[in-house]
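Here is the structure we will look at, set down as structure tokens.
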Amino acid sequence: MQKFNKLKSIPAYLPIVNIDTDMIIPKQFLKTIKRTGLGKNLFFEMRYDDLGKEIKEFCLNQSPYNDSKILIAGKNFGCGSSREHAPWALLDFGITCVISSSYADIFYSNCFKNGILPLILEEEKIKELSEYANRKEEISIDLNDEKIFYGNNEFKFDIDPFKKKCLLEGLDDIALSLKKADKIENFENGLKNTKPWIFND
Amino acid sequence: MSTTLYDKIWNDHLVDQQDDGTSLLFVDRHLIHEVTSPQAFEGLRNSNRKVRHPKLTLAVADHNVPTTDRTKGISDQESKIQVDTLEANCKEFGVQLFGMDDKRQGIVHIIGPEQGFTQPGTVIVCGDSHTATHGAFGSLAFGIGTSEVEHVLATQTLVQKKAKNFRINVNGELPLGVTSKDVILQIIGRIGTAGGTGCVIEYAGDLIRSLSVEQRMTICNMTIEGGARAGLISPDQKIFDYLNGKPMSPKGDNWEKALNYWNSLKTDADANFDKEINLNAGEILPMITWGTSPQDVITIDEKVPNPQSEKDEDKKNSIERSLKYMGLKPDMAATDIKIDKVFIGSCTNGRIEDLREAAKILKNKKISSHVNAIVVPGSGLVKEQAEQEGLDKIFVNSGFEWREPGCSMCLAMNADKLKPEERCASTSNRNFEGRQGRGGRTHLVSPGMAAAAAISGNLDDVRKYQN
Chain A
34 MQKFNKLKSI
44 PAYLPIVNID
54 TDMIIPKQFL
64 KTIKRTGLGK
74 NLFFEMRYDD
84 LGKEIKEFCL
94 NQSPYNDSKI
104 LIAGKNFGCG
114 SSREHAPWAL
124 LDFGITCVIS
134 SSYADIFYSN
144 CFKNGILPLI
154 LEEEKIKELS
164 EYANRKEEIS
174 IDLNDEKIFY
184 GNNEFKFDID
194 PFKKKCLLEG
204 LDDIALSLKK
214 ADKIENFENG
224 LKNTKPWIFN
234 D
Chain B
5 MSTTLYDKIW
15 NDHLVDQQDD
25 GTSLLFVDRH
35 LIHEVTSPQA
45 FEGLRNSNRK
55 VRHPKLTLAV
65 ADHNVPTTDR
75 TKGISDQESK
85 IQVDTLEANC
95 KEFGVQLFGM
105 DDKRQGIVHI
115 IGPEQGFTQP
125 GTVIVCGDSH
135 TATHGAFGSL
145 AFGIGTSEVE
155 HVLATQTLVQ
165 KKAKNFRINV
175 NGELPLGVTS
185 KDVILQIIGR
195 IGTAGGTGCV
205 IEYAGDLIRS
215 LSVEQRMTIC
225 NMTIEGGARA
235 GLISPDQKIF
245 DYLNGKPMSP
255 KGDNWEKALN
265 YWNSLKTDAD
275 ANFDKEINLN
285 AGEILPMITW
295 GTSPQDVITI
305 DEKVPNPQSE
315 KDEDKKNSIE
325 RSLKYMGLKP
335 DMAATDIKID
345 KVFIGSCTNG
355 RIEDLREAAK
365 ILKNKKISSH
375 VNAIVVPGSG
385 LVKEQAEQEG
395 LDKIFVNSGF
405 EWREPGCSMC
415 LAMNADKLKP
425 EERCASTSNR
435 NFEGRQGRGG
445 RTHLVSPGMA
455 AAAAISGNLD
465 DVRKYQN
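So the sequence lines, in the order shown, correspond to chains A and B. Okay, so the first sequence: first residue is 34 according to my numbering, each after it adds one. Okay, so the second sequence: first residue is 5 according to my numbering, each after it adds one.
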């Protein structure tokens, strides 16, 4: 997984609440057996018309937002389907940080598995940062210091320390868990005695 | 200390816990399907890892499979590659698969319970948000992403943090024609699609206990639409009777031992919940969704909302956007909404009791001439059972098409989809923009309400057709 440390970009702003993962990447693109190549279909139905032409009014089709690495959106972002294709599509488009006041649980955890930082900020802060999107000005994020810088301002954000460490170091979850193989084995041996029907031996 | 059912299952599965609460949870049962597993298997291959417990894993293709004649295979090349990939991966890693020709094939959340793979007190995961369905058995069941699928395949565990406890009590009796689908739609309308975020919901109360196993599955299934990853119900004799004798249920001595444990799976009387709400079942009416979020619910007697009467700017914009997409006018009556299609099926309402409920309404009736309607049984076994009961004939005689099992038009990954601006009364779980096909308009309803809509040609009150 790619590491996340510092990020500087003009943010793109989607002022829509409850953006679901069907909106982020519709089902016709879930037929892939790869993780890559989904960026061109990110927000497909809002981004292209029936003939497949780009809809100019949609912000991610406009410069400079087509190069944004930060997406600011309404609350409950990523609700619905568990599809990891949603963070894969964001990542493939180039977005590595999402800012919202809340996320659906599965999407939130999927982001961290892919080196994307999903920041949770208060609505007021979001309104303030969205002005930078409107004015096409850069904001920057420092994960290590847990800070956002915009204009002459800065503020600190909250993030789970373990998730932060995984993002900063680009840690592979599976390798980390396999370091606990002894504990897993002990647990399984206990299970064979206490709940023999689980393994159905 | 008093604990909830969720606390008990959580504690029983803790392999490891870090100081910050990050925990490693043992996974007893892992279901996989073709859409969210290929990248996970690829990950295993790239890192030279194996599936730790193939016997605790069960695979089925459901999202992409055609629901029409399958003798010619899958014509869509991409769908075919995904289904073939699942087959090859299962063979390579030794995982049991119900193939497309197997009569046990069906929607992953329907076959788990059907086979007795789903059991009380277990942790069950699947790369699919509707895994919550299995919570009806008193298991902790939730959807995961593909990276997590790979993690479970490799380690039989999952990294998790404990969620909050949220209890929803439903007491009283449901009026005639009102079903568990209406109960869950009412709940989502009340708590909103983010109402359960960060929580595990336990459904309790005498109405919940009075529900059949399958009706409970409908409620737990849509827990994710209320934002909670998992919803569960304390298991009782109905659950044990349902599981007794199923192919993968415990047998002999193990059955007795399991039963002993399963009987202990109850929330303590004085356990603490972080959140709690109460509903009176007697006040619930047949529900429909009017908008593009599952929280956009009204009763069939009501009118579509008017954005002008909404003061909150976000909500007002959201209503306007939904009405525009749905092609509806503010304040129009629900029963004035004319429909083009009806879909009965999905992991929410594709089980035998759902088909019986719809067939009861459709018996000796014809569907409206402008409506195109399909029934997609949730599994090959549901289909077989329905045919033995003659339900297929009732559906076909009324004008429905009787299809092969799969996810079908719930998410329209196969050939079954809405055309732009087509309107559907659907027993599925999501009415998102484009969910059933680009530009398609979905109204979520119960199976009985779907049948009523098919006959009337517009959304209608199922109570009109109750015998």
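The beta carbon of each residue, even a glycine, is placed where N, CA and C say it ideally should be.
The alpha-carbon of residue 401 of chain B is positioned some 8 Å away from that of residue 367 of chain B. Interface annotation, residue 246 of chain B: not in contact with chain A, CB-CB separation never under 8 Å.
The beta-carbon separation of residue 40 of chain A and residue 192 of chain A, rounded to 14 Å, does not stay under the 8 Å limit for a contact.
For residue 182 of chain A, the uninterrupted beta strand (DSSP E) run begins and ends at 180–183, by DSSP.
Taking 9 Å as the upper bound on Cβ-Cβ separation, chain B lies near residues 107, 108, 109, 112, 113, 114, 115, 116, 117 of the segment 95–117 of chain A. Listed along chain A is no residue with a C-beta nearer than 9 Å to that of residue 293 of chain B; the closest approach is about 13 Å. For residue 201 of chain A, the closest of A:148, A:166, A:49 by C-alpha to C-alpha distance is A:148. Taken through DSSP and simplified to helix, strand or coil, residue 291 of chain B comes out as strand. In the three-state reduction of the DSSP assignment, residue 280 of chain B falls in the strand class. Within the segment 241–274 of chain B, those residues whose Cβ lies closer than 9 Å to any Cβ of chain A are, in chain order, 252, 253, 254, 255, 257, 258, 259, 261, 262, 265.
Here residue 89 of chain B is actually not in contact with residue 58 of chain B; their C-beta atoms are around 17 Å apart, not less than 8 Å. Only residues of its own chain outside the window of five on either side were considered, and among them 216, 218, 219 have a CB closer than 8 Å to the CB of residue 357 of chain B, listed in chain order. Counting only unbroken stretches of 3 or more residues, the beta strand (DSSP E) elements lying wholly within the segment 111–199 of chain A are 130–133, 150–153, 172–175, 180–183, 186–189, in sequence order. Using a Cβ-Cβ cut-off of 9 Å, residue 159 of chain A is close to nothing in chain B; its nearest Cβ partner there is about 12 Å away. Apart from the 5 residues on each side of it in sequence, residue 114 of chain B sits with its Cβ closer than 7 Å to the Cβ of 351, 354, 355, 382, 383, 386 in its chain, given in chain order. Against residue 68 of chain A, the close residues of chain B are 43, in the order they occur along the chain (beta-carbon pairs closer than 7 Å). The DSSP-derived three-state label of residue 47 of chain A is strand. Boundaries of the alpha helix (DSSP H) around residue 10 of chain B: 9–16. Only 48, 49, 50 from the segment 36–50 of chain A bring a Cβ to less than 9 Å from some Cβ of chain B. Nearest to residue 169 of chain A by C-alpha distance, out of A:110, A:100, A:119, is A:100. Nearest to residue 232 of chain B by C-alpha distance, out of B:97, B:279, B:44, is B:279. By the neighbour-count criterion, in which a residue is buried when 16 or more other Cβ atoms sit within 10 angstroms of its Cβ, residue 5 of chain B is exposed. Around residue 417 of chain B, the beta-carbon contacts reaching into chain A at under 9 Å are 60, 61, 63, 64.
Between residue 461 of chain B and residue 375 of chain B, the C-beta spacing is below 8 Å.
Setting aside the 5 residues that flank it on each side, residue 55 of chain B is surrounded in the same chain by 48, 61, 97, 98, 99, 157, 158, each with a C-beta closer than 8 Å to its C-beta; the list follows chain order. The Cβ-Cβ distance between residue 162 of chain A and residue 38 of chain A does not fall below 8 Å. Not a single C-beta of chain A is nearer than 8 Å to the C-beta of residue 54 of chain B.
Residue 250 of chain B is not a Cβ neighbour of residue 110 of chain B, given a cutoff of 8 Å. Of the candidates B:117, B:69, B:35, B:93, B:117 places its Cα closest to the Cα of residue 248 of chain B.
Along the segment 99–124 of chain B, the positions whose C-beta sits under 9 Å from a C-beta of chain A are 123, read in chain order.
With respect to residue 116 of chain A, residue 197 of chain B sits apart: the two C-beta atoms are not nearer than 8 Å. Secondary structure of residue 414 of chain B (DSSP, three-state): helix. In this model, residue 90 of chain A and residue 308 of chain B are separated by some 29 Å (Cα to Cα).
Below the 8 Å Cβ cutoff, chain A contributes 64 as neighbours of residue 68 of chain B, in chain order. The beta carbon of residue 9 of chain B sits no closer than 8 Å to any beta carbon of chain A. For residue 128 of chain B, none of the residues of chain A pass the 8 Å Cβ criterion, the least Cβ distance being about 12 Å.
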